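4 protein chains.
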Amino acid sequence: MTEPIRDLARIGHAELLTPKPEESLRFFVDVLGMEEEARDGQSVFLRGWGDYLRYSLKLTESPHAGLGHVALRAWSPEALDRRVAAIEASGHGLGWIEGDVGHGPAYTFKDPDEHLFELYYEAERYEAPEHLRPSWRNQPQRYVGRGAAVKRLDHVNVLAADVRANRTFAQDVLGYRLYERIELDDGTETGAWMSLSIAAHELIYVADAHKATGRLHHLAFWVDTREECLRAADIFVDHNVPIEAAPSKHGVAQGFFLYGFEPGGNRIEVTTGGYFVYDPDFEPITWTAAERARGQYWGVKTIESFHTYGTPDVGVDG
Amino acid sequence: MTEPIRDLARIGHAELLTPKPEESLRFFVDVLGMEEEARDGQSVFLRGWGDYLRYSLKLTESPHAGLGHVALRAWSPEALDRRVAAIEASGHGLGWIEGDVGHGPAYTFKDPDEHLFELYYEAERYEAPEHLRPSWRNQPQRYVGRGAAVKRLDHVNVLAADVRANRTFAQDVLGYRLYERIELDDGTETGAWMSLSIAAHELIYVADAHKATGRLHHLAFWVDTREECLRAADIFVDHNVPIEAAPSKHGVAQGFFLYGFEPGGNRIEVTTGGYFVYDPDFEPITWTAAERARGQYWGVKTIESFHTYGTPDVGVDG
Amino acid sequence: MTEPIRDLARIGHAELLTPKPEESLRFFVDVLGMEEEARDGQSVFLRGWGDYLRYSLKLTESPHAGLGHVALRAWSPEALDRRVAAIEASGHGLGWIEGDVGHGPAYTFKDPDEHLFELYYEAERYEAPEHLRPSWRNQPQRYVGRGAAVKRLDHVNVLAADVRANRTFAQDVLGYRLYERIELDDGTETGAWMSLSIAAHELIYVADAHKATGRLHHLAFWVDTREECLRAADIFVDHNVPIEAAPSKHGVAQGFFLYGFEPGGNRIEVTTGGYFVYDPDFEPITWTAAERARGQYWGVKTIESFHTYGTPDVGVDG
Amino acid sequence: MTEPIRDLARIGHAELLTPKPEESLRFFVDVLGMEEEARDGQSVFLRGWGDYLRYSLKLTESPHAGLGHVALRAWSPEALDRRVAAIEASGHGLGWIEGDVGHGPAYTFKDPDEHLFELYYEAERYEAPEHLRPSWRNQPQRYVGRGAAVKRLDHVNVLAADVRANRTFAQDVLGYRLYERIELDDGTETGAWMSLSIAAHELIYVADAHKATGRLHHLAFWVDTREECLRAADIFVDHNVPIEAAPSKHGVAQGFFLYGFEPGGNRIEVTTGGYFVYDPDFEPITWTAAERARGQYWGVKTIESFHTYGTPDVGVDG
């Protein structure tokens, strides 16, 4: 077997675009319970109580909803250099930028579906101000417990016209490991769940029903327990957050979920659970269309909009 | 920074010694809910419903309780070779053995405290027999739900006369990452929590109060939720399993725990929770004696036996 | 205000009819985790670990599925006499029977929709045999933890051609308190949630879509936590129990639910949650059809069969 | 058997005295998550999100901590009259007062241990203002989810020099049902758990170690799940609320608990769980000193202050 590429450590943060910056900010602060860590231009930088870096979400005003970029953190400066070289060789590279709030120089590129990514190594650790200092030092921030009280950004799910092309790029050039995928009877790949760690999904590509490019399916934020997902659903209901899919357990990847829409129109997940892949020779699961027709783990039929709607919205959905 | 050694993937299994093999087996099957996967000589091989390999626990009859060995799985044959070379260079190596039920050739060695380890790469994936076939293929085995229904072996905690020596061996020779440690005012290191993955602890060394060698503190088995830990406590109570420490949350590493004793005398934990370390530059937390005096996360004072008892028992404890 | 009639204490047990007695028995013992307490003729008497009386379910072989009877326990012999007199005065009485396993003389009657009920006072407390003796005496039975490990029968939901007639009978003659109801725009009552205690629902009538009589919608069994409902769903999946409705939270009465079908065809709920009604002047909630169109609490659309299928099955459903 | 007296419905509210009114108010609003419903003189009236009446806690400035009074609500005006007559006949009556915020005329009395009680029937239902209007009408208030987000006052635990005298008064004069009690080998009764409903404890008397009179052991506030108790403990830790007893399960009455101290010095519990007593002939459990020595349900030893400290503080404790 070939040894895995392990130059990238994690998704450091994602940038979300919103046409309703004030309402979106209130959602992330009041409903999801994140803290505002910094502001810069039209952007607000937000963190969960378990983020060790300064933030995991950059929220940016924009004419339309969608994904700004996904920022991947390398394991070391050398690992960063290796990945940059690989991306340049792939022809997808764009070039270096100076950095941003909380992190140093970053190399930007687009995946085959035109989603913007950046790669960086230098990052500032979070130092909690007095009013957010935790009681235990192995926790980066005080547990405030506001709203859904999400701990951190967990995974990014993006739409792609050609899932296979993006998945192989993520594996071969970035070093993601593939854990689960969906392949139709005609050989079309319609979903791929990948990770840089033992966690069963960190980056997901699913087929874009509209064959558009660069769209976002959802950002997922982590809570430690299923009970917190159920509690988040109560909070969504009483904060008038539209729920697309009530709490249940996914068949693919077994994550426990709650899906709703933030005011800017982006789909947001509150998630927990799933399984860990400790073994090097884990065989990726390939699901058929027939198997997917079973619905979610406990038989819940997936709502149609989940298969079609993404941001920016390109059509009749939502 | 130096890039981490990442040649080892996980603890594949641990071998537990028991002077009461029948009662111990009943504990692991009826109370913890594991399945018997194989037998060989005086050993029974047991698995949780979430184990992707054939087993994670080898239970072996022995005159006294304690740890038989810990088996570490490498990421690849090449990674295995690199670690064997490093161990040999350290002077701790013992040599190759042919293998065991479910895995291929293994290189054996002892850590500085004389705990027996083995390193291997080749392993058999679990194929569930008909009556244990799961409904969803991304789960290795049917969820039977018997007893505490542990999912898999989670971590191994061993006692050591010299924690620092063993911790640095695990870091430098095996490639473990250090996440948390305890250091007394006089500089003595009394605990070290290490991992090969983002999970906050997989291998732990704590000071042996009796300065004995090769002893076990506990084996920990994973459940997905805190509610399952609470449920396990109810099951322990009604199965007359002695509970040493009722469910609560650790200060160090933040794991949620339940501790009891299996009939052979070994301490067993049912665990969940904790946090993930995604970042390469995570700074290990060092706790002082004063901080540890706070007790556990929610203030529970740690029972004295937890600091002194291990297996084999060497004295006045338990 | 008129003071409430409080002569009845609880649903002591319900009798369920099944054309597949062996498979149904295995379901209640292996999947729901009940204990067999007695057998008599074609009936098996089953109990949850929290039942203080000997059993709460009588499972009886029958040519078709459905409800055998519901047995209501009075607060005292005098209270029993008062209710018998009221039932006789209502013209619905049938007469006394000698008793049954575990309870004394019972007065039988039919509600306006022809469901068979019985009223009794004398009942045998459960005395656990040695192998089921609990560790704590305020628990009637050892917590075995098998399968879904239901604690006891919680509520009975029956179909009725005329909900209003049955609801007023239950209130005026039996002394049930009404907590929630559904009334369509044309004044038709299509559901009524009633209780003898602070628990928000113990006896429920919902409209029979087929205008049949005497049919059962479902029996509900209690677990203490929502996590146990989720766990029960996992167990259903891996025991091939058909799930009709995955775990979620009801809008009406706010109970947390999981619905499936036992092998005999009867719908079974595993339930927890809800709210308590402590106040004497609680105003029953009346829901409109428009409000019910919202689906369940978190927006889950109720599956069509839930509105039409009952036992015995009379038609095109299921 | 004698039929039970069922003239009283519930504890409508309790009044808590605090020498630190501002800090105590912040605790109940920010940490427990209650809403301020009204103010009057030196008192603030507070409610949980599940309270159907306007409030369940009256917080009053006072030179010392302790219990102001416990207010019991009758089932009807006639039931109120009957209980007043019984209290007067017992010689413990004090007389009528005009009422208070949210309720009508009340009859006051002292139990044998000199705790002040009042009895009333007329009470105002809560009508949520616009910003607290719930999404579902069977919930009195929007689920805000702030802090521990307690649902309502659950039970009151008071100290008494003579538990037996107070317990029999509560049973014979007020109509409480006794579910569990502790009796030492010398016949001294040291604890009594009583209820007006199926809930296993609403009013508790435990022995006052200092033989003082009129003292409070704790007020308990309800949450629906054990997970919320665990979450409340995290919130306590990071709000610097002193935790006396970390979350665990009581042996007596089986309630799940978290105990801490509000800034005024009163002990506060966040609670859930327990069991229901549906049967009229439930035999009260009597625990011996030997049995109590087992500690709590999962073996946790009860901290000494729990047996001695109460408010007002009379001595060396705390």
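Residue numbers (the numbering used here), protein chains in the order written: chain A, 7 to 324; chain B, 7 to 324; chain C, 7 to 324; chain D, 7 to 324.
For glycine and all other residues, C-beta sits at the position ideal for the given N, C-alpha and C.
Being a predicted model, the structure only gives us computed values, none of them experimental.
Coil, strand or helix - residue i by DSSP
i, result
"B/ASN144", "coil"
"B/ILE204", "coil"
"B/SER254", "strand"
"C/ARG32", "helix"
"D/VAL90", "helix"
"B/ASP178", "helix"
"D/HIS137", "helix"
"C/SER96", "helix"
"B/ASP323", "With a pLDDT of 48 at B/ASP323, under the threshold of 50, the modelled position of that residue is not reliable, and the figure given next carries that caveat. If DSSP states are grouped into helix, strand and coil, B/ASP323 belongs with coil."
"D/GLU84", "helix"
"A/VAL247", "coil"
Cutoff 7 Å: residue i Cβ touching any chain B Cβ
i, result
"D/SER254", "yes"
"A/ALA15", "yes"
"A/ARG173", "no"
"C/ALA20", "no"
"D/ILE291", "no"
"D/ALA295", "no"
"A/ARG89", "no"
Span of the beta strand (DSSP E), counted from its first residue to its last, around residue i
i, result
"A/HIS224", "222 to 228"
"B/ASN272", "Note, B/ASN272: premise wrong, no beta strand (DSSP E); not H, not E."
"D/HIS161", "158 to 166"
"A/ARG152", "Looking at the DSSP string, A/ARG152 is not in any beta strand (DSSP E), and its letter there is neither H nor E."
"C/THR219", "Here C/THR219 belongs to no beta strand (DSSP E), and DSSP marks it neither H nor E."
"C/THR317", "Neither: C/THR317 is in no beta strand (DSSP E) and is coded neither H nor E."
"B/GLY4", "The first residue shown for chain B is 7 and the last is 324, placing residue 4 of chain B beyond what the model contains."
CB contact below 7 Å: residue i versus chain A
i, result
"D/GLY324", "Annotation note: pLDDT 43 at D/GLY324 (below 50); position unreliable, coordinate value reported separately. Closer than 7 Å: no."
"D/GLY110", "no"
"D/SER141", "yes"
"B/ASN163", "no"
Run of the alpha helix (DSSP H) containing residue i, from where it starts to where it stops
i, result
"C/ASP191", "No alpha helix (DSSP H) contains C/ASP191, which DSSP labels as neither H nor E."
"B/ILE241", "232 to 244"
"A/THR292", "It is not in any alpha helix (DSSP H) - A/THR292 instead sits in the beta strand (DSSP E) that spans 291 to 293."
"A/SER311", "311 to 314"
Contact with chain C by residue i, beta-carbon distance below 7 Å
i, result
"D/GLU130", "no"
"D/TYR113", "no"
"A/VAL306", "yes"
"D/ARG60", "no"
"A/ALA226", "no"
Proximity below 7 Å, CB of residue i to CB of residue j
i, j, result
"A/LEU14", "A/LEU78", "yes"
"A/ALA252", "A/GLY280", "no"
"D/ALA134", "D/GLN147", "yes"
"A/GLY266", "A/PHE242", "yes"
"A/LEU190", "A/LEU63", "no"
"D/ALA20", "D/VAL162", "yes"
"A/VAL156", "A/LEU59", "no"
"D/ASP87", "D/LEU165", "no"
"A/GLU120", "A/GLY220", "yes"
"C/VAL212", "C/GLU195", "no"
Interface residues of chain E facing residue i [CB-CB closer than 7 Å]
i, result
"A/LEU236", "Going by chain labels, chain E is absent from the structure shown, which instead holds the protein chains A, B, C and D."
Residues sharing a beta bridge with residue i, DSSP
i, result
"D/ASP106", "D/HIS109"
"B/ASP46", "B/SER49"
Proximity test, Cβ basis, 7 Å: residue i and chain D
i, result
"B/ILE249", "yes"
Residue i Cβ short of 6 Å to the ligand GDP heavy atom set
i, result
"D/LEU38", "This structure lacks the ligand GDP, and indeed carries no ligand of any kind."
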